[in-house]
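S.K.: Take this structure, written in structure tokens, and hold onto it; I'll ask about it next.
Number of protein chains: 2
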Amino acid sequence: MKQLINVPESVVADALRGMAAAHPELTVDVENRVIVRRDAPVLDKVGLISGGGSGHEPLHGGFVGPGMLDAACPGEVFTSPVPDQMARAAAAVDSGRGVLFIVKNYTGDALNFEMAAELAEDEGVQVGKVLVQDDVAVTDSLYTAGRRGTGGTLFVEKLAGAAAEEGAPLERVEAIARRVSESCRSFGVALSACTTPAKGGPTFDLPPGELELGIGIHGEPGRERRAMMTSGEIADFTVDALLADLHPDGPVLALVNGMGGTPLLELYGFNAEVHRVLSERGVPVARTLVGNYVTSLDMAGCSVTLCQVDEELLRLWDAPVRTAALRWGS
Amino acid sequence: MKQLINVPESVVADALRGMAAAHPELTVDVENRVIVRRDAPVLDKVGLISGGGSGHEPLHGGFVGPGMLDAACPGEVFTSPVPDQMARAAAAVDSGRGVLFIVKNYTGDALNFEMAAELAEDEGVQVGKVLVQDDVAVTDSLYTAGRRGTGGTLFVEKLAGAAAEEGAPLERVEAIARRVSESCRSFGVALSACTTPAKGGPTFDLPPGELELGIGIHGEPGRERRAMMTSGEIADFTVDALLADLHPDGPVLALVNGMGGTPLLELYGFNAEVHRVLSERGVPVARTLVGNYVTSLDMAGCSVTLCQVDEELLRLWDAPVRTAALRWGS
């Protein structure tokens, strides 16, 4: 796949310049790679900070704004950001009420956010931390011990972000983030490999006529490869993999997510199948989000995330949000 | 490219079922292929109706809602909807103030919307019509006489939609739509061909190492093929092609649009280059939208649309909109 880039080395900096040009409501520090909502620090508000390797856009930079993140720290493509980025972000967004780090469970991210927390605490910033490890496909993987963090991150950022926007203290925002993290499960499917700028070609080999069930968002191996399946068969497999692990006794939020290269027309068709399976399994869906939110560059494929919610979490989901990629309410 | 579908024949119906499941704020008539905002007809409001072949999502169904379209009529992939769809939509959204048809300039669409207008007028509905023909790449093409309608459609739908939402009469909404249509220019670039469900493979042949400048949103031939260019070179060529035709004496709205298969990371980087060129040419950019809005299935590539605006049009752009794919304001 050909790429719309200048040189591989400048891809992240170029994208940050482009974000700055498109979004005057954000402060984008291109050199230090920190994206901050322009009105930060917000008086008396807990600051939410996330970050991770680039290549998953709009995650996380597209989720910075009122009702969601205060700052995002993008690393190189598929590479953890460095501790200095998160420490800078903490200094930029802390209003004195502390900050919450939202960390996808990859070894590099976990380590670098841990070091950043120490740096920030040395500067007198109170730091909470939540690890997102929602991907049920495999335990332990190329880049992590335990489960990988994927689509559930969107729910943690949105729901904890809404709580922070309402003025909840750090302890409470962190508790909500943890509860959401524990209530999310994700499963991804690749129809094609993705193309990193550095490599300029497919990062792994997925033969014509095969798909990979349980793929990671960096193309890490999943559970198994099979002959190409229909949208309905993929929905059956995916939802059953989720429900084998999450046993919701109430409504769920559903994220029917594209990996980047699959057309929205196909994603909506897949959403119909996901809803069919959930209905057959007796799981009520309170809200559905369909689109490319937690991507893997140009990978064709999809993932489904389910997040069990109670009334409070549903109210936080419906609360206003104003970011580049998610916005609703007043 | 592998596809996330059941069978090619059901792709559009499946997607409509998926839209219905995700968007309770829409009424989706899957059988007759009409997507309508749930509160239609809106009292004393002119109804805006668009439509066209599927495969360009979120256009048009993703633009149905308060502040934009009242209804959208999706045809088969890359195939015009039939007159009966638009006539049904007109009946569903007309409040007695009339409806406006927004038509991309392709022979089939122009003909079918014309027939639909006759059907609707026979039922006593007053019908206005505006043709969008913003693509400066070529005159006459595979599917049309004159210029093709592409990204400018988003601006026509948003700005005329805002005017209609404010209660403007049909004559005025149509005049604004026409003025916007005349103020828009687009130019697209393909890095890869797209994959239609029916064909299941690339719809045209674009060799490795080459791109096509001036591509149409159905893969229609553009101006020329060249050896692969950098993001900056593509921005130079694209913006200059636009400015050779549009000579703005004031600010523009910029749509930096993905064709579907190009990652958002790359699109933002491209946006930085588009802004660089516009700045070098002395064109101020009032607002910028970056993302996949007028797509060509899984085609990799991009397009740029510029829309010259005065104070009134800028105010209409900033007015609230609440659709699946575009939303802001209260």
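Quick note, the sequences are listed as chains A and B, same order. Each residue of the first sequence is one higher than the last, beginning at 1 in the numbering used here. Each residue of the second sequence is one higher than the last, beginning at 331 in the numbering used here. From the three backbone atoms N, C-alpha and C, an ideal C-beta is built for every residue, glycine too.
#1: Hey, is A351(B)'s beta-carbon within less than 9 angstroms of any beta-carbon in chain A?
#2: In the DSSP output, which residue or residues are listed as bridge partners for R321(B)?
#3: Go ahead and pull the three-state DSSP assignment for I234(A).
#4: So, is the C-beta of C307(A) closer than 9 angstroms to a C-beta in chain B?
#5: So, under 8 angstroms CB-CB, G391(B) and D439(B) are touching, yes? Tell me the CB distance rounded to an integer number of Å.
#6: In terms of residue numbering, what span does the beta strand (DSSP E) encompassing T437(B) cover?
#7: Between R179(A), V99(A), V274(A) and M229(A), which has its C-alpha nearest G339(A)'s C-alpha?
#8: Quick check for students: name the residue ranges of the beta strand (DSSP E) that lie wholly in the segment 367-430 of chain B, counting only runs of 3 or more.
#9: With 16 as the cutoff for other CB atoms within 10 Å, does R368(B) come out buried or exposed?
#10: What would DSSP say about A272(A), mapped onto helix, strand or coil?
#11: Note down the Cα distance separating A21(A) from G250(A), rounded to an integer number of angstroms.
#12: On the CB-based measure, 16 or more other CB atoms within 10 Å of its CB, does R700(B) come out buried or exposed?
#13: What's the C-alpha gap between T635(B) and V519(B)?
#14: Are at least three pairs of beta-carbons, each pair with one atom in the segment 303-320 of chain A and one in the segment 198-213 of chain A, less than 8 angstroms apart?
#15: Residues bridged to L289(A) by DSSP?
#16: Among the residues of its own chain, which have a CB less than 8 angstroms from the CB of E77(A), if the five just before and after it don't count?
#17: Taking 8 angstroms as the threshold, find out whether the segment 119-138 of chain A comes into contact with the segment 89-96 of chain A through three or more Cβ pairs.
#18: What does the alpha-carbon distance come out to for the pair M68(A) and M19(A)?
#19: Check the Cβ of G590(B) against every Cβ in chain A and list those closer than 7 angstroms, keeping chain order.
#20: Tell me E554(B)'s beta-bridge partners as DSSP assigns them.
#21: Is P388(B) close to chain A, meaning its C-beta is less than 9 angstroms from at least one C-beta of that chain?
#22: Quick one: using the 10 Å Cβ neighbour count with 16 as the cut-off for buried, is H353(B) buried or exposed?
#23: Go ahead and label H218(A) buried or exposed: buried means 16 or more other beta carbons lie within 10 angstroms of its beta carbon, across all protein chains shown.
#24: Under a CB-based cut-off of 9 angstroms, is N622(B) close to chain A?
#25: What's the call for R611(B), buried or exposed, on a 16-neighbour Cβ count within 10 Å?
#26: Give me the subset of the segment 543-563 of chain B whose CB atoms are less than 8 angstroms from a CB atom of chain A, sorted by chain position.
#27: Whole angstroms are fine: how far does the CA of D240(A) sit from the CA of L246(A)?
#28: Confirm, please, whether the CB-CB distance from S410(B) to N362(B) is below 9 angstroms.
#29: Step through the CB atoms of chain B and report whether any lies within less than 9 angstroms of the CB of S141(A).
#30: Hey, how far is the Cα of V36(A) from the Cα of F567(B)?
#31: Would A244(A) and V130(A) qualify as a contact pair, given that the criterion is a beta-carbon distance under 9 angstroms?
#32: Between the Cα of C637(B) and the Cα atoms of V433(B), E550(B), S513(B) and V604(B), which residue gives the shortest distance?
#33: Taking Cβ-Cβ distances shorter than 8 angstroms, what residues in chain A pair up with N336(B)?
#34: Sorted by chain position, which residues of the same chain lie with C-beta nearer than 8 angstroms to E487(B)'s C-beta, five sequence neighbours on each side aside?
#35: Note down, in chain order, every chain A residue with its Cβ under 7 angstroms from the Cβ of R657(B).
#36: Give the residues from the segment 296-324 of chain A that approach chain B closer than 7 angstroms (Cβ to any Cβ), ordered along the chain.
M.R.: Based on what the coordinates show:
#1: yes
#2: There is no way to answer for residue 321(B), as the model of chain B reaches only from 331 to 660.
#3: helix
#4: No, C307(A) lies away from the interface with chain B (no Cβ there is under 9 angstroms from its Cβ).
#5: Contact between G391(B) and D439(B) fails: their C-beta atoms lie close to 15 angstroms from each other, not under 8 angstroms.
#6: No beta strand (DSSP E) contains T437(B), which is instead part of the alpha helix (DSSP H) from T437 to D452.
#7: It is not possible to answer for residue 339(A), since the shown part of chain A is limited to 1 through 330.
#8: Those beta strand (DSSP E) runs which fall completely within the segment 367-430 of chain B and span 3+ residues are 377-384 and 401-407.
#9: exposed
#10: Three-state result, A272(A): helix.
#11: Each residue's Cα considered, the two are about 43 angstroms apart.
#12: Limits of chain B in this structure are 331 at one end and 660 at the other, which puts residue 700(B) out of reach.
#13: Cα to Cα, T635(B) sits roughly 12 angstroms from V519(B).
#14: The segment 303-320 of chain A vs the segment 198-213 of chain A: no contact.
#15: BP columns for L289(A) point to L255(A).
#16: Correcting the residue type first, residue 77(A) is Val in the shown sequence and not Glu. Here the set comprises V11, V12, G53, S54, G55, T196, P197, A198 and L297.
#17: yes
#18: 17 angstroms
#19: P263
#20: Checking the DSSP bridge columns, you'll see E554(B) partnered with L543(B).
#21: yes
#22: buried
#23: buried
#24: yes
#25: exposed
#26: M558, T560, S561 and G562
#27: 10 angstroms
#28: no
#29: no
#30: 33 angstroms
#31: Taking 9 angstroms as the Cβ cut-off, A244(A) and V130(A) do not qualify as a contacting pair.
#32: S513(B)
#33: T230, S231, G232, G269 and E273
#34: L378, S380, H390, F393, M398, L399 and I432
#35: R327 and W328
#36: Listed in sequence order: L297, D298, A300 and C302.
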